[in-house]
Each structure stands twice: as structure tokens, then as C-alpha cells.
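In the UniProt record's numbering, the protein residues as written are 1 to 351. Just so it is clear, CB atoms sit at the ideal spot from N, CA and C, and this is done for glycine as well. Structure first, then comments.
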Amino acid sequence: MEFMCSVTSKMGEKKMLIVCLCVDDPLVTGSSVEKITNFKDQMLQEFEMSDLGQLSYFLGIEFTKIDEGMLMHQSRYALDMLTKFNMLHCNSANTPTEVGVKLEKDPEEEVVDPTEYRRMVGSLRYLCNTRPDICYSVGLISRFMHNPRVSHLNAVKRILRYLKGTYKYGILLTKGEPGGEVRVTTYSNLDWCRDKGDRKSTTGNVFFLEGAPNSWSCTEEPVVALSSCEAEYIAACEATCQAAWLDSLMRELKIEVKGKVRLLVDNKSAIDLTKHPTSHGRSKHIETRFHFIREQVSKGKLEVLYCRSEDQIVDILTKALKGEHFLTLRKQIGVRKTEIGVDQQKEVAKT
């Protein structure tokens, strides 16, 4: 979901106004009630618009304040999607993707309606805004939008079956101490050469601000890596680019970051490559743009640390996992159950 974001504050003034705009739907927040009120009054004079009060629902995303922070979820959106695609009364699944499933472009397999397939995948992609636990599965089925087959449609329905049992889930954005510093930690990992068609690796990363998930990504790497070290190095660089953007954003918001951004990787060879050009014969072919991570490390903005494979949270974003392991990582990545309102529960019962 793309936003235009404007941050305004006078030189030397601590008061701040933040306006996020998606098409013609604005969100307004800041550190001064007076500045927020003045801005809303000016907007109401210039444009025909309504003040909806405290944030509770925005573009299909629901927000609920609790003692620990803010719950962000899309329970209503998920239910509407299940109803639209006639999956509301299906049997639920405990994971979004079956372990060992192989999705390929088989020209001999039966073709399904591409328009309906794209509608389903598009709806699922929007749900990823609050559901990092389905990002890998949705990314996988998104690779077959042009000419989908029966096996691809079955994979989509598997995700919908998983959502049937977890539509109440979302993420918790924990609140920090007023004026306090925050620590940024990110995990980066990949599944090397998993795609049998082009042999590209699936990479994923997730960023935590004081333990709360802030940003996550699951994509296919742009090039074919010749080794797991190279693939991990490229994945770490992609995470570094996001870290640089987050650092710039937090500086703009006057948020003090505690120490360096910590990037956790489970490949020691890739970590060595970020600090100095070791094994030059094996790494000299790596494109120059991926060496951005070295610059960030040398400037002291990034610290790359080793993470044991069994502690790698990002596995949930790069591969299909067995039930127990998936549930463990789902909890660690910050996805938790929310309580929908009584009215919404009645709607489900009626449907």
C-alpha cells in the first residue's frame, strides 16, 4: 500500500505534524493537539470532507488501542474475502502452504480462469499488510498470474482455508517510552535456488522496532546466485537498503535510534563478505550495487551479526514449514489473535 507522507515542523521546534495521504484519504497525527486541530480546521475550510475522529478503520485495516499498544488487523476484510470467493464454510488448515508442494508452469495441466485467479491473489496480497505469516505463500502463487493452472488455484484455496481459522489474527504494535530511544533489529534469510524454473532464490526480511514488527518483505532475488554465500549476501543487501530508508524516516520523525541497526544472518561466509572482500575469486562477479552493505558497515550504521539457523525467524517468509514450527515462528514474528467486536461476530454467525 503506497502513501504520500508529509512531516512539518519549524526549525528548533519540537512540535510536529505528520500527514499520510492515500489518494483522498488522509491520516493526521503529531505531537501537538493544537497543530492537529488547526490543520483539520484549515482542511475543512478548503475541502468537503468529514472528520472521523480517532483512528479505528482505514482502507480495510482495523486499529484497536489496548494497554500494550495498538492492534492492527484486517478481520472484517478477511471475512468479506472468504465470503466473496465462497470459502467461508470450508475446512480450516493449520498452515497456508503444504510442505513439499511444488508449483510449476506445466503446459499440459488444465488452465483456470485467469481473471478470477488474479482477483483472488490481489485480495490476498492486500491482506499481507497485516499478515506477514502469509507473505511467502501469497508471493509463491503470485508468480503464476499470467497463465494459472489447477494446482495454482488449489494453492490459493489452501491459503483461504488457513485464513478461515485465523481471520481474527493481526499484529501488535507495542508502545515505547515517551521520548525514549528505540533499537532496530532485522532478520534476513533465503531459500536458495528453490524455484526449479529459473533457479532464483526466495529472500525475506523482517524489521523489529523494540520488539514490534515494523516492516517485512518476501521477494524473489533479481539474479541467479552461484552459491548460498552469494545469495545470503544479496539478501542482506536488500535488507540494508530498507534499513537505510527506515533510518532516514526515523530521523525525519526525530526518533532517536539506539546504537547501530542490527542485521542477523545465519551464513558466516556472507557476514565475512560484508566486512572485507575475502575469497575475491568467488565473489568478484557479484554486482557492484550489492556491495552497498559494506559501505553501511564501514560507516558504523549497520552491524551484521550471526544468527543460528534454528533461531532464524525469517524462515516463515522464505519457505513452507511444518505445523508446529510454523506456529512458533508466527508467534515470534509478532502475529497474534485479536478479539473482533460483538456485531462482527453476529455477522459471521448469520453468514
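query, result
"Buried or exposed (CB count within 10 angstroms, at least 16 for buried), L127", "buried"
"Residue environment, residue 353, which counts as buried when at least 16 other CB atoms sit within 10 Å", "Residue 353 lies beyond the stretch modelled for the chain, which goes from 1 to 351, so this question has no answer here."
"A212 - DSSP class collapsed to helix/strand/coil", "strand"
"Beta-carbon proximity list for G139, same chain, < 8 Å, skipping 5 on both sides", "T202, C218, T219 and E220"
"Beta-carbon spacing of P132, V335 below 8 Å", "yes"
"Nearest residue (CA-CA) to F292, options K254, D272, I234 and C307", "I234"
"Cβ distance (whole Å) where S269 is taken to contact A236 below 8 Å", "Not confirmed; about 11 Å, so no contact."
"Proximity below 8 Å, CB of residue 358 to CB of L82", "The structure shown has nothing for residue 358, since the chain only spans 1 to 351."
"Neighbourhood of E303 by C-beta, 6 Å cutoff - its chain only, sequence neighbours within 5 removed", "K260 and R262"
"Beta-carbon spacing of R119, M145 below 8 Å", "no"
"Candidates N86, S32, K175 and L59: closest to L160 by CA position", "N86"
"CA nearest to the CA of E62, picked from S142, W245 and S75", "S75"
"Which of helix, strand or coil DSSP assigns to V261", "strand"
"Through-space distance from G323 to S92, alpha-carbon basis", "13 Å"
"For K65: DSSP bridge partner residues", "M70"
"Completely contained alpha helix (DSSP H) runs for the region 141-195, where each covers 4 or more residues", "150-166"
"Spatial neighbours of R158 in its chain, beta-carbon cut-off 7 Å, leaving aside the 5 residues before and after", "A93, P96, T97 and E98"
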